[in-house]
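Protein chains in written order, with our numbering: chain A, 1 to 238; chain B, 1001 to 1238.
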């Protein structure tokens, strides 16, 4: 049986931890949820960029580009779309290239590129993602993005859901995320309420993004498995 | 209300995370459980030392010293006692100085010294420890020791128990450890069985130390709160 490992922050990765493995990058609120939804609704690809200025330069050079993302949860000046998955409507994005920069998720994607394969994981695509991983058969490391360098409970809940669905032999860290997910779902009476107990969910709800938090908790609604080709710099739907 | 934070490994501490706070170092299997038991049974103090050679030098210079500790779970050549709490019987250790070197716990103690106060936490002293912390009133960071640079579930379970008992306002990482503890206790039917699900517990049980694992899970059996004075280099019972 393949093995399953996890880190609560990309900064916790150690040398060779990703070698020969599948990395699943998780930023439930909201980058990886948004990437899944953008590809689900028809962008041709997502180009994750670490900095706002870098995203502006890359988007300027591509005629079909939409400049997307956030800093501090808010859309920067001149950006077409923010980081809310609900903004990515088919009529707006169909066939376009989404150049995306976010505070935590795009950074985690770039920090995971030592893996053989980098997938984008969300609660919304958990079933398709786990099917993909099982068919592939390689070992897996779940890479939670966190928030501003701090562990985010909602990312660990998403990771715990993947641990549950895969049923692989788990490291202690992956097992902890599974037990935390199961314990919190039991205590709060559902995954959405568990996610809403997190620091970052409360902050987003306070900013008026409560609908995004609820959206991010709809388990398995999308069949998209985004794959990040770090050489080309693009995420496409598999 | 004071705040409560946690790290799953001392390597995860970031700048200023400990400043002005109480650090509680946790190495359930077995260093911090052993330190609590050694002080409970009458050693005058514990001197935690990072290296085996360093421990030999320090013990050689003190007439009343007992050379104690492990590498790979086993007592090094020439050491009087290993890292099993059950070896620390009053008749053997009364009034002696315990010079202790272990693979993970003593390292974590030294990595936590940026805190205002460094306490030694175990499941066996959880009630006394939390009473001490509540009386003191400062903010707290739980520092799990891990095993050979990897997150250890049993340390996070111990941390989760402290989060539960303190009832402080918790960071997401501390909250995750609480939910993981609660979920695993529920799933496995008790704290001891949850601890025994961890990688390190299984390894110790395989080496014949199952009785140590059971001992480490006896919540609140000791009223000792060990305090590490990093200037003097000694841990004494408060």
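Heads up, the beta-carbon is just placed ideally off N, CA and C, and yes, glycines get one too.
Bear in mind that the values here come from a model prediction, so they are computed numbers and not experimental data.
- If one requires a minimum length of 3 residues, the beta strand (DSSP E) runs lying completely within the stretch 1047-1098 of chain B are 1065-1069, in chain order.
- Per the Cβ contact rule, the stretch 120-132 of chain A is not in contact with the stretch 1128-1144 of chain B (fewer than 3 Cβ pairs under 8 Å).
- Check the Cα spacing between residue 1077 (chain B) and each of B:1086, B:1057 and B:1052: the tightest is with B:1052.
- Straight-line measurement puts the Cα of residue 1199 (chain B) at about 33 Å from the Cα of residue 30 (chain A).
- The closest CA to that of residue 1232 (chain B), considering only B:1066, B:1025 and B:1048, is found on B:1048.
- At a cut-off of 8 Å between beta-carbon atoms, residue 1195 (chain B) makes no contact with chain A.
- Each residue's CA atom was taken as its position, placing residue 1134 (chain B) and residue 1170 (chain B) some 14 Å apart.
- Residues of chain A with a Cβ closer than 8 Å to the Cβ of residue 1149 (chain B) are, in chain order, 14.
- Residue-level contact check: residue 1070 (chain B) does not touch chain A, since none of the beta carbons of chain A fall below 8 Å from its beta carbon.
- Taking the Cα positions, residue 81 (chain A) is about 10 Å away from residue 99 (chain A).
- Residue 39 (chain A) and residue 1180 (chain B) have their C-alpha atoms spaced approximately 33 Å apart.
- As the crow flies, the alpha-carbon of residue 1094 (chain B) is around 8 Å from that of residue 1044 (chain B).
- Residues are counted here when their Cβ sits less than 9 Å from a Cβ of chain B; for the stretch 169-180 of chain A these are 171, 172, 173, 175, 176, 177, 178, 179 and 180, given in chain order.
- Take residue 1010 (chain B), set aside five residues on each side of it, and the residues of its chain with a beta-carbon closer than 6 Å to its own are 1108, 1111 and 1143, in chain order.
- Take the alpha-carbon of residue 32 (chain A) and the one of residue 21 (chain A): they are about 19 Å apart.
- Here residue 1142 (chain B) carries a strand assignment [DSSP, helix/strand/coil].
- Scanning chain A for C-beta atoms nearer than 8 Å to the C-beta of residue 1059 (chain B) yields nothing, as the closest lies near 33 Å away.
- Contact of residue 198 (chain A) with chain B is assigned, a C-beta pair being separated by under 8 Å.
- Residues of chain B with a Cβ closer than 8 Å to the Cβ of residue 152 (chain A) are, in chain order, 1172.
- When the five nearest sequence neighbours on each side are left out, the beta carbons in the same chain lying within less than 8 Å of the beta carbon of residue 1064 (chain B) are those of 1044, 1095, 1096 and 1097, in order along the chain.
- Distance from the CA of residue 201 (chain A) to the CA of residue 175 (chain A), rounded to the nearest whole angstrom, comes to 23 Å.
- Checking the DSSP bridge columns, you'll see residue 121 (chain A) partnered with A:26.
- Cβ-Cβ distances below 6 Å link residue 1132 (chain B) to 1225 in the same chain, with the five nearest sequence neighbours on each side left out; the list follows chain order.
- The Cβ of residue 156 (chain A) sits closer than 8 Å to at least one Cβ of chain B.
- Nearest to residue 1221 (chain B) by alpha-carbon distance, out of B:1238, B:1036, B:1177 and B:1178, is B:1036.
- Between residue 178 (chain A) and residue 163 (chain A), the beta carbon gap of about 4 Å places them in contact (Cβ cut-off 8 Å).
- Of all alpha-carbon atoms in B:1104, B:1166, B:1191 and B:1059, the one lying nearest the alpha-carbon of residue 1151 (chain B) is that of B:1104.
- In the DSSP assignment, the residues bridged to residue 1005 (chain B) are B:1141.
- For residue 160 (chain A), the CB contacts under 8 Å within the same chain, skipping 5 residues up- and downstream, are 177, 178, 179, 180, 181 and 182 in chain order.
- Interface annotation, residue 1184 (chain B): in contact with chain A, CB-CB separation under 8 Å.
- Contacts with chain A at 8 Å (Cβ-Cβ) include residue 1187 (chain B).
- In the displayed model, residue 38 (chain A) falls within a helix according to three-state DSSP.
- Residues of the stretch 105-120 of chain A with a C-beta atom less than 9 Å from some C-beta of chain B do not occur.
- Residue contact check for residue 1008 (chain B) against chain A: a CB pair falls below 8 Å.
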